[in-house]
Amino acid sequence: MILSDIRVPVSYTRETLEKAVFRAAGKRFRIRSLRILRRSIDARRKPEIHYVLKLAVNEKDPVLFRMPEAACPEERKEAAVIGSGPAGLFAAKALSEAGMRVTVFERGRRVDERRADVEHFFQSGVLDPESNIQFGEGGAGTFSDGKLNTRVLDPDGLNAYVLNTFYEAGAGENVLYDAEAHIGTDLLPEIVRNIRNELIAKGVTFRFSTKMTGLTIRDGAVKGIRFIRTDTDAAEEEAVFSRVILALGHSARDSIRMLKDNGLSMEKKAFAVGVRIEHPQEMITLSQYGTFDYEELGPAPYKLTAHAANGRGVYSFCMCPGGSVVNASSEKGRLVINGMSNSKRDGRNANAGLVVQVTEADFPGDDVLSGVCFQEKLEEKAYQALQGKIPVQLLKDFYLDRLSEGFGEVLPDMKGSYGFARLSGILPAPVTEALMDGIRAFGRKIKGFDREDAVLSAIEARTSSPVRILRNEDHESSIRGIYPAGEGAGYAGGIVSAAIDGVRTAKALVEQLNREETWDCSGN
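Heads up, the sequence shown is in this note's numbering, so the first residue is 21 and it goes up one at a time.
Here it is as C-alpha cells:
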C-alpha cells in the first residue's frame, strides 16, 4: 500500500506515523513494515509547519534496479567513460555491474588534490584550468550545496539505486527520503572518494589528469580516443575503444568544440543567466517558518518564480541556505560564480542564483555553439569589470545603476576576492530588466527579499548546457559507439538526474551490445 500526502508534525514519532496511516487507510491493522519514500516540508500555514510524507506500508521494498548482464564475448566487454561527475561515476558503476571492463578518463585531479587546488584559487586567485570547481573528480556538484533533488515517481527503481549508493558511501539516512536531501560540500569529497574506491574494487580503472583531445573515427563509428596528460608534457596518446560514454560537464567547452569538429550532431538549447543574491539567513528562515524554531528543520530554503513585464521568466536557482558565493571560474580571462553550503548550513547568509531565461533569439546565428559564445562573452565582461574579482552591487544601487560605496547590514559571504561594479555593464539589458521585476515580485512573497542592502554578484551563467548532443533511443549519437549522457550533453540538471541519466545510458549501451550479439549468433 502506497500512501501519499500524509501530514505529520515536525517532531513526529513512530506512533505518530502509525496513527496517520490508520487515518489515511480508514482502518486499523497490523503494520508489518513502514518505509518513508519521500519527505518534504509544508510551511504554507504558519505558524503550523508539517512534514508531508509518502509512505510504503505493508509493501515490499521499492523496485530495485538491476543492470542486465553483458552477454557479448570478453573482447567486446570494454568501454570508456569520459568524465567522473555523477553521470560518469554512475555510468561506470552500472557498466561494471553488467560485467564490463571500464576505464574512466577525468581531465581534473582526484577529489582531495582538487579540493586543495580550489582553496589555493580562493586564496591566491591563481586558477588551474584543469582542476577547479568545474573540473575534477565528482564534477561541479562536489563544490555546491550538494542537494539531491528526487523524483516522485520511480517505476524502474533508478532513483532508489542512486540514493542508496550515496547512503552506502556515507551520506545521512535522510538522503533516502527527503525531497531535497542535502549533503554539503564539506562531506561530498569523502563520499565521492568512497564511491571511487568501491568501483576500483570492482575492477574499474581511473585515469585522472587525463584530458580527451580527439576521437579516432572510421566508417562513421568510434574506434578510439586520443588524450594527453595534463600534469606532464607527454605527447598525445591513443587508446582503442569502440564504446564511449561522454559524461562531460557543462563547462567542457573545448571538448564540445572538438566533438563538433569531429562531426557529432548537436543542437542549440535554451538556458538561463543572472546573478547571485544574498540575504541574512535568519531573515529567510523567519519569513518561511514564522516564529517557530525547529532545530531539525535547519535553515529555511526557498524556491521562487516570476514572470517579468518583458515576457522573460525569472526564477531562483541552486539556493544555498547558510552558504557562500564562490568564484567558480574554469577558464582564464572569464569569471563565473556559483553557491555552496557545508553540511550544517551554518553560514550567516542565504544565497541563490536569480536567473532569467535566454533563448536562441538572444544568440542568433547558424553556429550550433552560439549559446556557448554568448556565455563566454558574458563571463569575459564579468572578468574584465574587476580583473578577475567577483563584481558586487547592492540592490538599491542596482535599481539606480550606480556604483555601490559600502555595505549595509548584509555583509557578503564569498570565497574569492570581490569588489564593487555596475552589474548592468555585464548583464544583457533584457536580463537586467527582468531581474528588477522579479526581485520586486519576490519581495511580495518573502518579507525583506527586496531590501535595499541585499547583495548581488555576477555572473551566474552556467545553469545548464547551452547545447544538446543528439542521441537516439539507444542513447547513441550520430557517431556509432558514442553515448552522450548527463548535464554537459544536455540531458540532466542536477546531481541525481545526471546520475540517473548515466545509469540509463550504460543500460542502453549494454542492451545494444546484447542485441548485436544475438543478431550475430543468429546468422542474420
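Where a beta carbon is used, it is the ideal one built from N, C-alpha and C, also for glycine.
DSSP bridge partner residues for residue i (one or two, in chain order)
| i | result |
| --- | --- |
| Q377 | A292 |
| A259 | I245 |
| C340 | N371 |
| L235 | I245 |
| A76 | I22, R55 |
| Q413 | L476 |
| T36 | Its beta-bridge partners do not exist; DSSP assigns none. |
| F155 | Partner(s): none; F155 has no beta bridge. |
| F383 | None; F383 has no bridge partner. |
| K66 | Beta-bridge pairing links K66 to no other residue. |
| E98 | R121 |
| I61 | Y71 |
| L389 | DSSP, once it has assigned bridges, lists no residue as partnering L389. |
| V334 | A326, V376 |
| R227 | F125 |
Candidates the options: closest to residue i by CA position
| i | options | result |
| --- | --- | --- |
| N214 | E507, L447, V131 | V131 |
| Y181 | L84, G159, L109, L235 | L84 |
| S60 | L317, D137, P67, P93 | L317 |
| I220 | L398, T123, A505, D387 | T123 |
| E396 | F261, L168, N330, R273 | R273 |
| T252 | K409, G128, E380 | G128 |
| V146 | G408, Y438, P175, V260 | G408 |
| R471 | L415, G458, E287, A111 | L415 |
| N194 | T170, E210, G177 | T170 |
| F142 | T236, V346, L266 | V346 |
| N330 | G458, S144, Y32 | G458 |
| A267 | E536, D206, R535, G513 | G513 |
| D239 | S262, T250, E218 | S262 |
| E210 | D176, G158, G177 | G158 |
| V516 | E200, G342, L490 | E200 |
| K527 | P175, I265, I237, T33 | I265 |
| T250 | R464, F155, F291 | F155 |
| F469 | L443, Q301, R524 | Q301 |
| L208 | P175, G177, F247, G161 | G161 |
Alpha-carbon to alpha-carbon, residue j and residue i
| i | j | result |
| --- | --- | --- |
| F125 | F228 | 6 Å |
| V530 | R216 | 21 Å |
| L37 | R55 | 10 Å |
| N179 | I520 | 7 Å |
| A348 | I446 | 17 Å |
| M456 | E150 | 36 Å |
| A461 | M120 | 52 Å |
| G234 | V72 | 50 Å |
| A91 | A114 | 15 Å |
| G148 | K435 | Here the sequence assigns Asp to residue 148, which means Gly is not the residue at that position. Roughly 16 Å separates the two Cα atoms. |
| A402 | A518 | 28 Å |
| P448 | F337 | 19 Å |
| D254 | K231 | Checking the sequence, you will find Ala at residue 254 rather than Asp. One C-alpha to the other measures close to 12 Å. |
| A63 | M87 | 40 Å |
| R368 | I304 | 11 Å |
| L23 | A505 | 34 Å |
| A118 | T185 | 16 Å |
| G166 | L389 | 29 Å |
| M278 | I69 | 52 Å |
| G283 | K289 | 18 Å |
| D382 | A454 | 14 Å |
| D25 | K39 | 14 Å |
| S542 | E95 | Unreliable placement is indicated for S542, whose pLDDT of 41 sits below 50; the coordinate value is still reported in the next sentence. Their backbone Cα atoms lie some 19 Å apart in a straight line. |
| V378 | V334 | 10 Å |
| A478 | G353 | 15 Å |
| Y438 | Q404 | 13 Å |
| R488 | V293 | 17 Å |
| A136 | D206 | 13 Å |
| K97 | K222 | 14 Å |
| D366 | N534 | 50 Å |
| L406 | N371 | 22 Å |
Beta-carbon separation (whole angstroms), residue i vs residue j, contact threshold 8 Å
| i | j | result |
| --- | --- | --- |
| S116 | V224 | 5 Å |
| V475 | V376 | Not really, about 18 Å apart at Cβ, beyond 8 Å. |
| G359 | G373 | 7 Å |
| V356 | E400 | Actually they do not touch by this definition, with Cβ atoms about 11 Å apart. |
| R296 | E480 | 6 Å |
| L57 | Y197 | 6 Å |
| K364 | M339 | In fact, because the Cβ distance is near 16 Å, the residues do not count as touching under 8 Å. |
| V138 | H299 | Not confirmed; about 25 Å, so no contact. |
| A107 | G522 | 4 Å |
| K467 | S350 | Actually they are not in contact, since the Cβ atoms of K467 and S350 sit about 37 Å apart, beyond 8 Å. |
| K66 | G310 | 4 Å |
Near the ligand MG: residue i beta-carbon under 6 Å from a heavy atom
| i | result |
| --- | --- |
| A40 | Only the bare structure without any ligand can be found here, which leaves the ligand MG out of the picture. |
(request) Evaluate the contact criterion for the region 496 to 510 versus the region 242 to 252: three or more CB pairs, one atom per stretch, below 8 Å. (result) yes
(message) Count Cβ pairs between the region 90 to 102 and the region 45 to 57 that sit closer than 8 Å; are there 3 or more?
(response) no
(request) Would you check if the region 424 to 439 and the region 478 to 487 touch, i.e. whether three or more CB-CB distances between them fall below 8 Å? (result) no
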